[in-house]
Structure formats: structure tokens, C-alpha cells
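Read through the structure below, which is laid out as C-alpha cells, and then see the notes.
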Amino acid sequence: MTVKALYPGTFDPPTNGHVDLIMRGARLFSHLTVAVLNNPGKNPLFNVEERVEMLREVTSSLDNVSVATFNGLMVEFARREGASAVLRGIRAISDYEYEFQMALMNRRLAPEIETVFLQPAGRYSFISSRMLKEVFSFGGEVTGLVPPNVLKRLRARMNNG
Ligand SMILES: Nc1ncnc2c1ncn2[C@@H]1O[C@H](COP(=O)(O)OP(=O)(O)O)[C@@H](O)[C@H]1O
Ligand SMILES: [Mg+2]
Numbered sequence: 272m273t274v275k276a277l278y279p280g281t282f283d284p285p286t287n288g289h290v291d292l293i294m295r296g297a298r299l300f301s302h303l304t305v306a307v308l309n310n311p312g313k314n315p316l317f318n319v320e321e322r323v324e325m326l327r328e329v330t331s332s333l334d335n336v337s338v339a340t341f342n343g344l345m346v347e348f349a350r351r352e353g354a355s356a357v358l359r360g361i362r363a364i365s366d367y368e369y370e371f372q373m374a375l376m377n378r379r380l381a382p383e384i385e386t387v388f389l390q391p392a393g394r395y396s397f398i399s400s401r402m403l404k405e406v407f408s409f410g411g412e413v414t415g416l417v418p419p420n421v422l423k424r425l426r427a428r429m430n431n432g
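Numbered per the numbering used here, the sequence shown spans residues 272 to 432.
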């Protein structure tokens with residue numbers, strides 16, 4: 272049996288934690304679509320096109336991974352993609368409360384789709400895009416927390432205001 276999976280998220284910006292999860296998902300599923308939520312209301316640092324570009328650069332060597340954008344209901348997009356699994360990351364128990372609610376709501380909306388949770392390597396389990404942006408904006412060192420292409424874009428963005 273082959274299983275296609277969707278890995279949805281904001282990815283503003285993608286971190287090494289996201290990349291760790293993508294690599295695990297690519298090994299587990301026949302195809303993994305990284306799905307960037309197009310939600311301008313969230314006032315992101317990087318627009319959706321930039322986030323897609325960064326993710327495409329990072330995943331270019333992975334044959335069974337593609338990158339797409341979506342808006343609206345995630346499970347509707349999963350159905351359109353032919354995905355029967357949704358991949359989400361659990362860093363710590365604190366993630367679980369919200370992820371649990373979302374997984375059960377999504378199951379109600381689309382009972383044929385299963386949410387699968389994976390843990391990143393321990394060294395990535397404390398990384399969040401939000402805290403990364405905060406640390407970086409105050410001049411903190413973030414090398415090793417994001418892929419090199421993301422670090423470059425962060426630096427360019429901060430230098431140009
Ligand atoms: N450091 C990390 N390690 C593993 N998974 C992560 C990490 N950071 C975020 N994730 C997971 O990646 C997914 C997308 O996260 P994120 O980009 O913050 O979008 P969302 O707005 O959906 O939370 C979520 O399942 C989140 O738990
Ligand atoms: Mg998040």
C-alpha cells in the first residue's frame with residue numbers, strides 16, 4: 272500500500288525542526304506534500320511565495336517531496352491532493368493539547384484521513400519559528416537552527432528593514 276501525506280503549516284520561516292520532520296515523513300510515506308498555509312492575516316515575516324521558495328530549495332534533493340500552498344480547510348486540500356495522512360510535529364507536551372483538538376476536528380471533517388505525529392530529533396525539539404524570529408531580530412545567533420538558505424534570507428530581510 273502506498274500512502275500520500277500532507278505536511279501543513281505556516282513555515283514562517285522553515286526551521287531545522289521542520290526539515291527534520293520532512294525527512295522523516297519522506298522516508299515513511301510514498302509522497303509528502305509540504306503545504307504552506309496562505310493566511311495573510313497572520314502578518315508573516317515572509318510572504319507565501321518566499322516560504323515556498325525556501326522549502327523548495329531545502330527539499331530539492333528529496334524526490335518524493337513537493338511543496339504547495341493552500342487556503343481554507345486543510346482536509347479539503349488533503350483530499351484534492353489524494354493524501355490519506357496528515358503529518359504534524361510534536362515537540363513537547365505543550366504542543367499536544369492544540370494538536371489533539373485539531374486532529375479530532377479534522378477527523379470529524381474527514382474521517383478517512385489520519386493525523387500522524389512525529390517527534391523531531393531532541394536537538395531540534397525546542398525550535399519554533401516564532402522564537403527564532405524574536406531571537407534573530409535582537410541580534411541573537413541562530414546558525415544551526417535554520418537551513419543555510421533560510422539564514423541568508425533572514426539576514427537580507429533584517430538588513431533591508
Ligand atoms: N522544531 C520542530 N520540530 C518538529 N516539528 C515542528 C517544529 N517546529 C514546528 N513543528 C511542527 O511543524 C508543523 C507546522 O508548524 P508551524 O510552521 O508552526 O505551523 P502551524 O501554524 O501549523 O503551527 C506543526 O505540526 C509543528 O508542530
Ligand atoms: Mg506553530
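Yeah, the Cβ is synthetic: ideal placement off N, Cα and C, and Gly gets one too.
Exercise. Count the other C-beta atoms from every protein chain shown that fall within 10 angstroms of the C-beta of F371, then say buried if there are 16 or more, exposed otherwise.
Key: exposed
Quiz item: Heavy atom of ligand 2 less than 7 Å from the Cβ of T340, yes or no?
Solution: no
Self-check item: Distance between S399 and N431 (C-alpha atoms, nearest Å)
Solution: 23 Å
Practice problem: State the DSSP-derived secondary structure class of S355, mapped to helix, strand or coil. | Solution: coil
Quiz item: Whose C-beta lies closer than 8 Å to the C-beta of T414 among residues of the same chain, with five residues either side of it excluded?
Solution: L422
Quiz item: From what residue to what residue does the alpha helix (DSSP H) around K423 run?
Solution: 419 to 430
Quiz prompt | Contact belief for V357 with V329 at Cβ below 8 Å, rounded distance in angstroms | solution = The pair is not a contact, with the Cβ atoms about 20 Å apart (cut-off 8 Å).
Exercise. In the DSSP assignment, find the unbroken beta strand (DSSP E) run with A339 in it and report its ends.
Key: 336 to 341
Quiz item: According to the Cβ coordinates, are A381 and R359 closer than 8 Å?
Solution: no
Quiz item: Does at least one heavy atom of ligand 1 sit under 7 Å from the Cβ of S399?
Solution: yes
Quiz item: Since P284 contacts L333 with CB under 8 Å, what's their CB separation in whole angstroms?
Solution: Their Cβ separation, rounded to whole angstroms, is 18 Å, which puts P284 and L333 out of contact at 8 Å.
Exercise. Please check the pair T340 and V319, which I expect to be a contact at CB under 8 Å, by giving their CB distance rounded to whole angstroms.
Key: 5 Å
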